[in-house]
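J.: For reference, the structure I am asking about is given below.
Numbering (full-length UniProt numbering), first residue to last: 1 to 212.
Right, here's the structure in full:
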């Protein structure tokens, strides 16, 4: 896939829905170590509802409207912390792609940068706080570098997915600063962060869909 069009975005959101349905119990178990154990339920519900919304709107709605619809639906359907942050990411991403008919590497870099910035602002998160931001900020950075070098979408996303995996590994050394996990402080060192895992799953699935 050389670019993501509206119909491809609908397929991508369906792939995210299917992936989070499969990963639901894994995320529940991961979140249960130092969290509320609801992350898998939140993500499965949010993306199932988002897919229903974009499928009903159809590709003629265009990229930005589809992303906005997905974000608004997530905010209503899964109003937990991660549901709200994910919704914010999609709404900010929609704004960044206003007027665009296709998503190439530069547009994708803009999408993930807006997504990461939205999460940072809404969640009051900073780099090093052991959150999804610690995956999505470096992913956006890699995509910006790939865009600057003129890389095609599929290899750029593969590089971003590889960076997401590396960034997730780096979060193991961090101390959680947000949510219930923050109460465990030093006990969170060495643990895989559930929110950061969601970031990896989002980027890896997108890379796989674009690669075909």
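Cβ coordinates follow ideal geometry from the N, Cα and C atoms, glycine included.
Every value quoted in this text rests on a predicted model; they were computed, and no experiment measured them.
1) Report back the beta-carbon spacing between residue 19 and residue 154 to the nearest angstrom; my notes put them in contact at under 8 Å.
2) Alpha carbons only, please: which of 52, 25, 60, 133 is nearest the one belonging to residue 89?
3) Roughly how many angstroms lie between the CA atoms of residue 206 and residue 127, to the nearest whole one?
4) Evaluate the contact criterion for the stretch 57 to 67 versus the stretch 82 to 102: three or more CB pairs, one atom per stretch, below 8 Å.
5) Helix, strand or coil for residue 103, going by three-state DSSP, please let me know.
6) So, for residue 44: in the same chain, excluding its five sequence neighbours on each side, which residues have a beta-carbon less than 6 Å away from its beta-carbon?
7) If you reduce the DSSP assignment to three classes, tell me which class residue 4 lands in.
8) When the distance is taken between beta carbons, is residue 135 closer than 9 Å to residue 196?
9) Give the range of the alpha helix (DSSP H) segment to which residue 206 is assigned.
10) So, is residue 120 buried or exposed, given that buried needs 16 or more other C-beta atoms within 10 angstroms?
11) Less than 9 Å between the beta carbons of residue 78 and residue 46, yes or no?
12) Less than 9 Å between the C-beta atoms of residue 39 and residue 194, yes or no?
13) For residue 49, which option in 32, 26, 83, 140 has the closest C-alpha, if you only look at C-alpha atoms?
14) Check each candidate in 160, 15, 130, 129 and name the one with the smallest Cα separation from residue 113.
15) Per DSSP, what kind of secondary structure is residue 41 in: helix, strand or coil?
16) Counting along the chain, where does the alpha helix (DSSP H) carrying residue 150 start and finish?
17) Please go through the same chain and pick out, in chain order, the residues whose beta-carbon is closer than 7 Å to the beta-carbon of residue 3, but skip the five residues on each side of it.
18) Thinking residue 87 and residue 71 are a contact (beta carbons under 8 Å), I'd like their distance in whole angstroms, please.
19) If we ignore side chains and look at the alpha-carbon of each, how far apart do residue 157 and residue 148 end up?
20) Please report the distance separating the alpha-carbon of residue 129 from that of residue 175.
21) Which of the three DSSP states, helix, strand or coil, is assigned to residue 70?
22) With 16 as the cutoff for other CB atoms within 10 Å, does residue 118 come out buried or exposed?
T.: So, from the listed chains and residues:
1) Not a contact, Cβ separation roughly 18 Å.
2) 133
3) 23 Å
4) yes
5) strand
6) 20, 21, 24
7) strand
8) yes
9) Counting along the chain, the alpha helix (DSSP H) containing residue 206 begins and ends at 194 to 211.
10) So residue 120 counts as buried.
11) yes
12) yes
13) Scanning 32, 26, 83, 140 for the CA closest to the CA of residue 49 turns up 83.
14) Closest option to residue 113, Cα to Cα, is 160.
15) helix
16) Neither: residue 150 is in no alpha helix (DSSP H) and is coded neither H nor E.
17) Once the five neighbours on either side are set aside, the close Cβ partners of residue 3 are 102, 103, 104, 153.
18) Going by Cβ atoms, the distance from residue 87 to residue 71 rounds to 5 Å, so yes, they are a contact pair.
19) 14 Å
20) 7 Å
21) helix
22) buried
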